[in-house]
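The next block holds one structure in the form of structure tokens; read it before the comments.
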């Protein structure tokens with residue numbers, strides 16, 4: 285059981301480049317989300333999804349795009365990277381239905397992204 | 003909107019002693035969950051303890067316990083017999099209790115964190 289897998293673990297981009305951060309989970313979780321972590325700011329929600337085909341914005345969605353075509357995958361896209369998007373990105377997932385509703389989230393190991 | 007405040011950016015404790023990390027939150031919800039996550043230098047986010055707001059009894063997990071004061075909207079974490087491996091960032095987090103499907107129930111609101119150093 286791999287849990288939540290994020291790739292890559294590290295990435296350096298130039299301003300204006302595009303990039304997709306991958307997130308996959310093998311636990312059949314309905315809920316998936318992306319957070320960014322900046323020094324002194326804690327983790328802030330970027331986008332989330334409650335199931336395949338359903339996505340919504342979190343606290344800091346600008347500059348990011350997501351889609352959820354399968355239950356397992358939830359990629360995060362940066363269409364035109366900016367230095368302000370330098371951060372550590374975490375993907376998380378959880379069950380939300382039936383007896384497993386309101387369960388704590390499982391986090392991936394994070395992606396450190398630097399934009400020059 | 004919910005907010006979570008951790009007023010101690012950094013703390014230190016001697017090995018084997020007890021330390022308490024503070025967390026306060028603001029919400030108009032009556033049903034919710036509170037969590038403490040640990041983030042060691044490896045960057046992993048590790049769930050330490052969870053508290054359901056409808057439960058009056060404070061949650062306990064081995065050396066970790068909480069003091070949950072619902073009326074005061076306070077949720078502190080006590081670490082007993084501190085160990086070197088407890089050195090980490092600790093985040094307090096809030097989650098609304100929602101319906102079984104849909105909505106924003108899974109979204110976590112995090113505090114800014116407390117950096118805990120355990121000294122030998």
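Protein chains in written order, with the numbering used here: chain A, 285 to 400; chain B, 3 to 122. Backbone N, C-alpha and C define an ideal beta-carbon position, used for all residues, glycine too.
| Is it buried or exposed for residue 18/B, if we count other Cβ within 10 angstroms and need 16 for buried? | Exposed, because fewer than 16 other Cβ atoms sit within 10 Å of the Cβ of residue 18/B.
| Looking only at its own chain, which residues have a Cβ that is under 7 Å from the Cβ of residue 26/B, when we skip the five neighbours before and after it? | Within its own chain, the residues whose Cβ lies closer than 7 Å to the Cβ of residue 26/B, once the five positions on either side in sequence are excluded, are 7, 75 and 76, listed in chain order.
| Secondary structure, beta strand (DSSP E): runs of 3+ residues fully inside the stretch 13-73 of chain B | List check, beta strand (DSSP E) in window: 21-23, 26-28, 34-41, 48-54 and 66-71.
| Given a limit of 7 Å on CB to CB distance, which residues of the stretch 32-63 of chain B reach chain A? | Result list: 35, 37, 45, 46, 47, 49 and 52.
| request: Find the residues of chain B that neighbour residue 372/A, judging by a C-beta separation of less than 9 Å, and give them in chain order. | output: Here the neighbours are 45.
| request: Starting from residue 380/A, follow the beta strand (DSSP E) in both directions and report where the run begins and ends. | output: In the DSSP assignment, residue 380/A falls outside any beta strand (DSSP E) and carries neither an H nor an E.
| query | According to DSSP, what are the bridge partners of residue 7/B? | reply | According to DSSP, which records beta bridges pairwise, residue 7/B is partnered with 26/B.
| CA nearest to the CA of residue 38/B, picked from 122/B, 121/B, 47/B and 64/B | Looking at the Cα atoms, 47/B is the closest of the given residues.
| query | Residues of chain B with a CB under 7 Å from the CB of residue 388/A: which are they? | reply | Scanning chain B for C-beta atoms nearer than 7 Å to the C-beta of residue 388/A yields 37, 49 and 52, reported in chain order.
| Residues within the stretch 340-369 of chain A neighbouring chain B, beta-carbon criterion of under 7 Å | Residues passing the 7 Å Cβ filter: 342.
| Cα-Cα separation, residue 312/A to residue 306/A | About 17 Å.
| What in chain B is Cβ-close to residue 304/A, meaning under 9 Å? | Simply none; closest approach about 20 Å.
| What in chain A is Cβ-close to residue 114/B, meaning under 8 Å? | Here the neighbours are 324, 325 and 326.
| said: For chain A, check one thing: does any of its Cβ atoms lie closer than 8 Å to the Cβ of residue 110/B? | reply: It does: the Cβ of residue 110/B has a partner Cβ on chain A nearer than 8 Å.
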